[in-house]
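Trainee:
Residue numbers (my numbering), protein chains in the order written: chain R, 106 to 704; chain C, 2 to 421.
(1) For chain C, check one thing: does any of its Cβ atoms lie closer than 9 Å to the Cβ of residue 206 of chain R?
(2) With distance defined between alpha-carbon atoms, name the residue in R:407, R:385 and R:381 nearest to residue 395 of chain R.
(3) What is the residue span of the beta strand (DSSP E) that residue 172 of chain R lies within?
(4) Should residue 142 of chain R be flagged as near chain C, meaning a C-beta pair shorter than 9 Å?
(5) Just grab the DSSP bridge partners of residue 287 of chain R for me.
(6) On the criterion of 16 or more Cβ atoms from any shown chain inside 10 Å, does residue 612 of chain R qualify as buried, or is it exposed?
(7) Using the three-state DSSP reduction, which class does residue 369 of chain C fall into: helix, strand or coil?
(8) Just verifying my parser: in three-state terms, what is the DSSP assignment at residue 9 of chain C?
(9) List, in chain order, every chain R residue whose beta-carbon is nearer than 7 Å to that of residue 333 of chain C.
(10) What residues from chain R crowd round residue 329 of chain C, counting only those whose CB sits closer than 9 Å?
(11) For residue 653 of chain R, list the residues DSSP reports as bridge partners.
(12) Would residue 289 of chain C pass as an interface residue toward chain R - the criterion being a Cβ-Cβ separation below 9 Å?
(13) Terminal residues of the continuous alpha helix (DSSP H) containing residue 342 of chain C?
(14) Relative to the C-alpha of residue 408 of chain C, which candidate in C:225, C:366 and C:370 has its C-alpha closest?
(15) By the DSSP assignment, the beta strand (DSSP E) with residue 245 of chain R in it spans what residues?
(16) Kindly indicate which three-state DSSP category residue 597 of chain R falls into: helix, strand or coil?
(17) How do the stretch 149-158 of chain R and the stretch 178-188 of chain R stand: do at least 3 beta-carbon pairs fall below 8 Å, yes or no?
(18) Kindly say whether residue 135 of chain R, judged by its beta-carbon, lies nearer than 9 Å to any beta-carbon of chain C.
(19) Starting from residue 221 of chain R, follow its DSSP beta bridges and name the residues at the other end.
(20) Contact between the stretch 210-223 of chain C and the stretch 172-179 of chain C: three or more CB pairs below 8 Å?
(21) If contact is defined by three or more beta carbon pairs under 8 Å, each pair taking one atom from either stretch, is the stretch 107-125 of chain R in contact with the stretch 201-210 of chain R?
(22) Taking all protein chains shown into account, decide if residue 275 of chain C is buried (16 or more other Cβ within 10 angstroms of its Cβ) or exposed.
(23) Against chain C, with Cβ distances strictly below 9 Å, would residue 330 of chain R count as a contact?
(24) I'd like to know if residue 113 of chain R contacts chain C, where contact means its C-beta is closer than 9 Å to some C-beta of that chain.
(25) Between the alpha carbons of residue 702 of chain R and residue 638 of chain R, how many angstroms are there, rounded?
(26) Residue 359 of chain R versus chain C: which residues are under 9 Å apart at the beta carbon?
(27) Cβ closer than 7 Å: which chain C residues qualify as neighbours of residue 138 of chain R?
(28) Per DSSP, which residues does residue 531 of chain R bridge with? Please list them.
(29) Determine the chain R residues that contact residue 175 of chain C at a beta-carbon separation under 7 Å, and present them in chain order.
(30) Report the residues of the stretch 310-323 of chain C with a CB closer than 9 Å to any CB of chain R, ordered along the chain.
(31) Does DSSP classify residue 114 of chain R as helix, strand or coil?
(32) Is residue 117 of chain R close to chain C? Criterion is C-beta to C-beta, closer than 9 Å.
(33) What would DSSP say about residue 424 of chain R, mapped onto helix, strand or coil?
(34) Going along chain C in order, which residues have a C-beta closer than 8 Å to the C-beta of residue 104 of chain R?
(35) Would you list the residues sitting across from residue 575 of chain R in a DSSP beta bridge?
(36) Where does residue 452 of chain R sit, in a helix, a strand or coil, going by DSSP?
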């Protein structure tokens with residue numbers, strides 16, 4: 106054991122000896138390191154890539170890059186007697202100069218940092234002439250985003266400087282303070298593809314910071330790689346037209362190609378001009394936009410949640426048919442109003458009930474769906490019936506996000522058993538507590554996007570694709586072919602569609618488009634806070650559908666007016682290329698839906 | 002019976018400790034110092050100022066250690082070990098991922114790194130097992146079994162992606178050696194694992210050269226022992242075989258992107274350009290120090306932010322650049338004297354528990370010391386472990402302080418310790 110103890114002590118000593126020898130060799134024997142340290146320190150500079158361009162589905166440019174110039178400062182080399190000239194060129198006060206100068210010093214005296222961000226063209230031109238006289242200053246070019254259209258703000262989003270919080274979250278270590286990052290919209294969702302790859306340059310500099318040429322002849326340098334271009338599914342002509350129609354209103358419009366889930370138009374009103382959030386004015390404009398009481402930053406099609414109202418009757422009909430609780434041609438007589446109703450008393454089959462939007466018809470068939478009559482206790486029976494019904498509703502894409510490629514999508518709300526248990530107590534509630542669901546009111550909440558997706562499902566008679574905004578990233582087409590099917594027999598759709606067609610495709614009616622058979626359902630959504638919301642969901646043409654659409658306009662009253670009129674114009678524009686009904690266009694643009702006489 | 006001098010702390014060790022902490026702080030101050038003299042004296046943004054807080058809290062920890070009964074560590078040895086393994090497991094599921102490794106708990110603004118605590122707990126657990134079971138020369142099987150006490154935490158820390166810290170635990174093999182481990186199966190398999198990892202980390206020719214160097218050292222040490230010579234020779238041949246075969250698989254069999262994945266798995270902080278930027282800058286800084294160094298606060302390489310992590314893992318650059326070969330060597334001699342003192346303390350114990358714990362403390366601190374310096378001068382790949390008492394950082398300073406002062410506390414009461 107004694108030898109082992111000695112051995113360990115010997116091991117400690119020999120290690121220190123070896124380390125010391127090694128130090129001796131690099132510190133004393135090898136004089137290269139001294140020379141390298143004196144003459145050849147290596148400086149690393151980052152070269153920023155261009156962000157990818159963004160096009161609409163027809164190849165129209167939407168987003169590009171604008172070069173901007175930053176004035177950089179290396180405090181160590183600055184001659185403060187030049188400060189008068191700087192102040193004159195930049196139109197800044199002594200105080201502003203001092204602030205910027207101190208900020209640069211606190212970063213580093215030896216390394217360049219930004220002194221003045223994004224010089225205007227005039228200031229840049231003035232500087233270029235005088236650059237030679239100004240020691241310690243140089244100009245660095247970067248890009249900001251340029252928006253080709255005023256609009257699409259809720260789709261494109263904007264970029265901004267990366268925050269400290271995001272830097273902490275960035276486990277890949279890609280971002281550095283001062284970098285730009287997509288903050289919302291597709292700028293955020295596709296950030297990784299669109300941002301490109303930074304380049305790095307290594308230069309030899311001496312201790313005074315003077316450039317001695319590229320390190321190892323640039324063997325380790327990399328060029329910046331521009332980000333990948335995106336092709337959107339949006340049709341910018343249609344989008345701009347829809348945005349114009351929605352001007353001055355609060356609400357959403359979503360149009361989707363049913364055969365692929367590609368979103369053709371996605372309007373959130375009111376919106377803002379995205380170019381306000383690009384460049385030097387960002388902070389100031391952002392505050393203005395953010396504090397607007399109408400919340401233009403709120404992306405309504407994805408984030409606003411409303412009750413579906415009468416549009417939901419289409420689903421109620423399908424579920425009752427599938428469960429064999431009603432036949433399409435079965436006559437149900439409404440001879441007294443069990444709940445409030447604008448439809449007249451009389452005899453209804455499914456088609457007429459949809460066209461006339463009979464609340465009492467759907468009240469009755471929803472009761473059959475919920476009260477299965479299989480169990481003696483009405484409470485337990487209701488639970489069972491409700492749960493079956495809820496499973497169907499979830500299949501239609503409600504109560505969950507549809508996974509659109511934009512941030513902050515909301516799921517809406519389809520109450521669970523537990524939700525009602527909490528309100529009424531377990532097994533203490535039955536049909537009489539939840540009947541408002543039959544007409545799409547009550548606790549149900551949906552987003553306009555989910556409603557448009559319902560249009561897709563009806564158009565396809567039973568399936569949809571995840572709605573999305575991007576077709577191609579770089580040269581690669583994105584595959585969104587995952588089909589979600591609803592377990593309802595295709596045959597059940599026909600009577601519903603018949604009723605939807607009879608509602609909107611009648612010659613002489615406001616929404617009528619000659620030579621086009623289309624289907625739709627309106628909602629007048631009860632709004633306890635004020636005037637009712639106007640809603641519409643539909644698709645066209647009935648056979649071989651090309652477009653599914655949903656419109657919500659807040660506080661605009663009857664669904665048959667504001668929402669249906671807007672939707673029919675957008676459908677006409679998309680399918681026919683132009684709108685013939687100028688009077689309807691003017692009616693929508695004027696937006697006085699309340700004053701018009703009810704029909 | 003009470004001994005007259007109840008707290009007879011080993012004065013020499015405390016002096017070494019204070020000197021190391023003080024020299025460390027001076028170098029952190031220098032590494033952080035702005036050449037233009039605009040460094041404020043007391044500013045919490047400065048590492049040196051914050052290090053003062055960590056030093057202060059270390060003294061608080063020392064007080065707590067001296068208040069706690071010395072029997073605590075022996076009695077709760079397994080519990081302490083178990084708790085630390087539990088936390089190592091938990092951090093895998095609930096930990097926060099930072100730069101590719103999941104080794105932190107974040108509760109509000111407090112960050113806890115269980116692998117630091119595991120260093121102490123493992124030393125205690127190992128000492129407990131080896132002493133209570135009377136494992137030793139007589140029982141080679143149990144001695145081998147005890148390796149699991151540090152192989153388990155080691156494995157868990159590798160799973161966190163913190164290879165550097167995991168390797169620290171391998172140093173406890175030195176303890177088993179002291180307790181009678183014959184350099185057979187356990188040593189051999191451990192050696193193979195270490196060699197395997199090193200092959201992934203560094204150039205095979207450097208490694209082959211190292212094996213040759215170790216072979217020659219062994220030749221010198223055991224010139225009269227034929228058996229040992231045959232063993233060393235066999236081991237060297239096998240090592241070369243292992244290095245070549247791992248290298249073959251890595252470079253010939255695996256595709257390029259697979260290679261990169263293996264590399265980033267092992268060392269997520271590896272230089273993406275592969276030019277050894279960190280080590281190159283570190284060597285330039287140290288190498289430019291010369292014999293006497295550039296003088297306190299006069300280093301240019303560390304000041305201009307050329308050296309990465311200059312207050313933490315690469316603090317030795319500041320020593321090398323400003324104090325030169327002479328200063329660096331004197332500091333290493335100070336470390337050496339400190340280690341020898343701790344070995345003496347370990348050997349004078351009646352209690353096996355304390356002796357084994359003492360050896361564990363030396364092994365852990367010594368491993369950090371040797372690997373950290375070897376790393377800054379390009380003798381070992383960059384695995385990111387701190388230089389004891391020198392590197393900036395609260396958790397590492399606390400760990401080393403606790404290791405040392407638990408030993409000194411136990412030593413101060415060695416007259417009361419029962420012999421196991």
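Cβ coordinates follow ideal geometry from the N, Cα and C atoms, glycine included.
Mentor: Taking the coordinates as given:
(1) Here residue 206 of chain R corresponds to residue number 101 of the first chain, with the count starting at 1. Chain C contact via Cβ: absent.
(2) For this step, residue 395 of chain R is matched to residue 290 along the first chain. Nearest option by C-alpha distance: R:381.
(3) The sequence position of residue 172 of chain R within the first chain is 67, counting from 1. Its beta strand (DSSP E) spans residues 166-178.
(4) For this step, residue 142 of chain R is matched to residue 37 along the first chain. With 9 Å as the cut-off, residue 142 of chain R counts as an interface residue toward chain C.
(5) If you number the first chain from 1, residue 287 of chain R lands on position 182. Bridge partners of residue 287 of chain R: R:264.
(6) Translated into the one-based positions of the first chain, residue 612 of chain R becomes position 507. Label assigned to residue 612 of chain R: exposed.
(7) As a first step, residue 369 of chain C is located in the second chain; it is residue number 368 there, counting from the start. Helix, per DSSP.
(8) Start at 1 with the first residue of the second chain, and residue 9 of chain C comes out as number 8. Coil.
(9) Along the second chain, one-based indexing puts residue 333 of chain C at 332. The answer, in chain order, is 121, 124 and 125.
(10) Stepping through the second chain from its first residue, residue 329 of chain C is reached at position 328. Under the 9 Å cutoff, chain R gives 124, 125, 128 and 132.
(11) Against the first chain, residue 653 of chain R aligns to sequence position 548. Residue 653 of chain R pairs with R:361 and R:644.
(12) Residue numbering aside, residue 289 of chain C sits at position 288 when the second chain is read from its first letter. Judged by the 9 Å Cβ criterion, residue 289 of chain C is in contact with chain R.
(13) In the second chain, the residue the question calls residue 342 of chain C occupies position 341. 316-348 is the extent of the alpha helix (DSSP H) around residue 342 of chain C.
(14) Position 407 of the second chain holds residue 408 of chain C. The option with the nearest alpha carbon to residue 408 of chain C is C:366.
(15) Position 140 of the first chain, counted from the first residue, corresponds to residue 245 of chain R. That run of the beta strand (DSSP E) goes 242-252.
(16) As a first step, residue 597 of chain R is located in the first chain; it is residue number 492 there, counting from the start. DSSP places residue 597 of chain R in helix when its eight states are reduced to three.
(17) no
(18) Indexing the first chain from 1 puts residue 135 of chain R at position 30. It does: the Cβ of residue 135 of chain R has a partner Cβ on chain C nearer than 9 Å.
(19) Looking up residue 221 of chain R in the first chain gives position 116. Answer is R:176.
(20) no
(21) no
(22) For this step, residue 275 of chain C is matched to residue 274 along the second chain. Residue placement at residue 275 of chain C is flagged as unreliable, the pLDDT there being 47, under the threshold of 50; the coordinate-derived value follows with that caveat. Classification of residue 275 of chain C: exposed, given that the 10 Å Cβ count is below 16.
(23) As a position in the first chain, residue 330 of chain R is number 225, starting the count at 1. Chain C contact via Cβ: absent.
(24) One-based indexing of the first chain puts residue 113 of chain R at position 8. Judged by the 9 Å Cβ criterion, residue 113 of chain R is in contact with chain C.
(25) Stepping through the first chain from its first residue, residue 702 of chain R is reached at position 597. Stepping through the first chain from its first residue, residue 638 of chain R is reached at position 533. Reliability of the predicted coordinates at residue 702 of chain R is poor, the pLDDT of 39 falling under 50, and the value obtained from them is presented with this limitation in mind. Going from the Cα of residue 702 of chain R to the Cα of residue 638 of chain R covers about 17 Å.
(26) Against the first chain, residue 359 of chain R aligns to sequence position 254. Per Cβ cutoff of 9 Å: no residues; residue 359 of chain R is ~37 Å from chain C at best.
(27) Taking the first chain and counting its residues from 1, one reaches residue 138 of chain R at position 33. Residues of chain C passing the Cβ test: 284, 285, 288 and 289.
(28) Walking along the first chain from the start, residue 531 of chain R turns up at place 426. Its beta-bridge partners do not exist; DSSP assigns none.
(29) In the second chain, residue 175 of chain C corresponds to position 174, counting from 1. 113, listed in chain order.
(30) 321 and 322
(31) Translated into the one-based positions of the first chain, residue 114 of chain R becomes position 9. In the structure shown, residue 114 of chain R sits in a helix (DSSP, three-state: H, G or I).
(32) The count along the first chain starts at 1 and reaches residue 117 of chain R at position 12. For residue 117 of chain R, the answer is yes, since a Cβ of chain C falls inside 9 Å of its Cβ.
(33) Locating residue 424 of chain R in the first chain gives position 319, counting from the first residue. Note: residue 424 of chain R maps to helix in three-state DSSP.
(34) Outside the displayed range of chain R (106 to 704) lies residue 104 of chain R, so it cannot be described from this structure.
(35) Working through the first chain from its first residue, we reach residue 575 of chain R at position 470. Answer by DSSP bridge pairing, in chain order: R:337.
(36) If you number the first chain from 1, residue 452 of chain R lands on position 347. If DSSP states are grouped into helix, strand and coil, residue 452 of chain R belongs with the strands.
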